[in-house]
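S.K.: Letter by letter, the sequence shown follows residues 87 to 208 in our numbering. Don't be surprised by glycine CBs; every beta carbon is placed ideally from N, CA and C. Keep in mind that this is a model prediction, so the values were computed, not measured. Shown below is the structure under consideration.
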Amino acid sequence: MLRTDFGDDGAWDAVRAALDGYCHATYVSELRFACVGVRALVDEEAAADEEAQIIHVFLADAATMGDTNHPLLAVDLSDEPGRTFRLPAQWFPDVSANLSIANMDFADFADAADESGTFRGF
87 MLRTDFGDDG AWDAVRAALD GYCHATYVSE LRFACVGVRA LVDEEAAADE EAQIIHVFLA
147 DAATMGDTNH PLLAVDLSDE PGRTFRLPAQ WFPDVSANLS IANMDFADFA DAADESGTFR
207 GF
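Set out below in structure tokens:
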């Protein structure tokens with residue numbers, strides 16, 4: 087979980103509390119990622135050594151912080167770099183677990199997103 091919005095520490099705490107209720111997550115909250123965009127993440131990932139590359143990342147951005155459902159932004163950094171979808175915090179454990187064990191692909195979730203670009207289950 088990469089924090090990109092630093093305007094409200096209370097909102098960040100609420101996002102973390104919402105996720106802690108479901109699963110274990112790794113949180114990165116470093117000011118160097120303030121307002122970082124999807125394109126910058128894709129470019130940085132493309133330049134990384136192969137063993138340092140990651141396949142996807144979940145962002146806690148301004149939209150995440152400003153909504154009580156805390157819709158995270160999932161970003162594909164591998165198969166379709168830059169492809170995104172949103173997911174409410176309640177779906178994070180299912181999506182994260184299935185992606186981490188390669189049970190499902192990023193596209194499976196992105197393709198199932200509704201017209202607003204939000205995954206709400208199958």
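What residue range does the beta strand (DSSP E) around alanine 146 cover?
M.R.: In the sequence shown, counting from the first residue as 1, residue 146 sits at position 60. Where alanine 146 is concerned, the enclosing beta strand (DSSP E) stretches over 142 to 146.
S.K.: For arginine 102, which of helix, strand or coil comes out of DSSP?
M.R.: Translated into the one-based positions of the sequence shown, residue 102 becomes position 16. Residue state, collapsed to three classes: helix.
S.K.: Could you tell me which of Ile187, Glu131 and Ala175 sits nearest to arginine 206, measuring between CA atoms?
M.R.: Taking the first residue of the sequence shown as position 1, residue 206 is located at position 120. When only C-alpha atoms are compared, the closest one is Ala175.
S.K.: Is DSSP giving valine 122 helix, strand or coil here?
M.R.: Working through the sequence shown from its first residue, we reach residue 122 at position 36. Valine 122 falls in the coil class under three-state DSSP.
S.K.: Touching or not, the segment 190 to 197 and the segment 118 to 131, by the rule of three or more beta carbon pairs under 8 Å?
M.R.: no
S.K.: Does the separation of the CB atoms of valine 128 and proline 167 fall below 8 Å?
M.R.: As a first step, residue 128 is located in the sequence shown; it is residue number 42 there, counting from the start. As a first step, residue 167 is located in the sequence shown; it is residue number 81 there, counting from the start. Cβ atoms of valine 128 and proline 167: closer than 8 Å.
S.K.: Tell me which residue opens and which closes the beta strand (DSSP E) that alanine 183 is part of.
M.R.: In the sequence shown, the residue the question calls residue 183 occupies position 97. No beta strand (DSSP E) holds alanine 183; the alpha helix (DSSP H) holding it covers 178 to 186.
S.K.: Quick check on the DSSP output: the alpha helix (DSSP H) that includes aspartate 197 runs from which residue to which?
M.R.: Taking the first residue of the sequence shown as position 1, residue 197 is located at position 111. Aspartate 197 -> alpha helix (DSSP H) spans 192 to 197.
S.K.: Is the shortest distance between the beta-carbon of alanine 126 and the beta-carbons of chain C less than 8 Å?
M.R.: Of the chains in the structure shown, none is chain C; there is only one protein chain.
S.K.: If you compare alpha carbons, which of Gly203, Thr154 and Phe92 is closest to aspartate 147?
M.R.: Against the sequence shown, residue 147 aligns to sequence position 61. Scanning Gly203, Thr154 and Phe92 for the CA closest to the CA of aspartate 147 turns up Phe92.
S.K.: What do you get for threonine 150, buried or exposed, if any count of 16 or more other CB atoms within 10 angstroms of its CB means buried?
M.R.: By 1-based counting over the sequence shown, the position of residue 150 is 64. Buried.
S.K.: For leucine 158, which of helix, strand or coil comes out of DSSP?
M.R.: Taking the sequence shown and counting its residues from 1, the one referred to as residue 158 is at position 72. Looking at leucine 158 - three-state DSSP - the assignment turns out to be strand.
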